[in-house]
Amino acid sequence: MDWVARLAEERIRRAREEGTLSSSRYHGRRVPLEPENPYLPKTWWAAFHLLQTHDLTPPWIWRGQQIRQAIAAWRRQLRQTLAYIPAHDPRRAQALRSLQQSLARINAFIRDYNLERPFGSTPLTPLDWEAELRQAQQEMA
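Count the sequence shown with this note's numbering and you get residues 909 to 1049, in order.
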């Protein structure tokens, strides 16, 4: 036996004598392994394991989350504009133009996201200005 094996055996023997090994919550039971994901290709296991154990998010998922948050904030801003700025006030038209430009930027992000997302993941649908405005106005009525 080489010195590494002897050292390991000595430490295991000492831990048994001190009761360190018997205080584990898995003492006498099998240590649970990660459940196998039937949808995950075997070649991707290591990458997904690292992402999961280190609480990381793939860039395309992170971008999708950011876009969804931007859409929610944009919709809130649209509803606030319709609710608090009177229809005859010139600031309302200016605010709506600004929101329309913001929507064009969000749609550009959606387009880029849809180009980089993996095949099989759900694409994001670009937002239509007229439909969003109509929906917000109906909710305000």
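By construction, the Cβ of each residue, glycine as well, lies at the ideal position given by its N, Cα and C atoms.
| Query | Result |
| --- | --- |
| By how many angstroms is the C-alpha of Leu-948 removed from the C-alpha of Pro-1031? | 20 Å |
| Could you give the residue range of the alpha helix (DSSP H) that holds Pro-967? | 967 to 992 |
| Should Ile-920 be labelled buried (16 or more other beta-carbon atoms within 10 Å of its own) or exposed? | exposed |
| Going by the CB atoms, is the gap between Tyr-1021 and Trp-968 shorter than 8 Å? | yes |
| Which residue from Thr-928, Phe-1027, Ala-1044 and Ala-923 puts its Cα closest to that of Leu-990? | Ala-1044 |
| Determine the direct distance from the alpha carbon of Leu-959 to that of Gln-965, and round the result to whole angstroms. | Here the sequence assigns Thr to residue 965, which means Gln is not the residue at that position. Their backbone Cα atoms lie some 6 Å apart in a straight line. |
| Starting from Asn-1022, trace the alpha helix (DSSP H) in both directions and tell me its first and last residue. | 998 to 1024 |
| Mind checking Leu-915: buried by the 16 CB within 10 Å criterion, or exposed? | exposed |
| Short of 6 Å in beta carbon distance, which residues of its chain neighbour Trp-1037, apart from the five on each side in sequence? Order them along the chain. | Gln-1008 and Leu-1011 |
| Please determine, among Arg-984, Ser-1006, Ala-978 and Leu-1004, the residue with the shortest C-alpha to C-alpha distance to Glu-869. | What the structure shows of the chain is the stretch from 909 to 1049, and residue 869 is not part of that stretch, so it cannot be assessed. |
| Helix, strand or coil for Arg-1042? Go by DSSP, reduced to three states. | helix |
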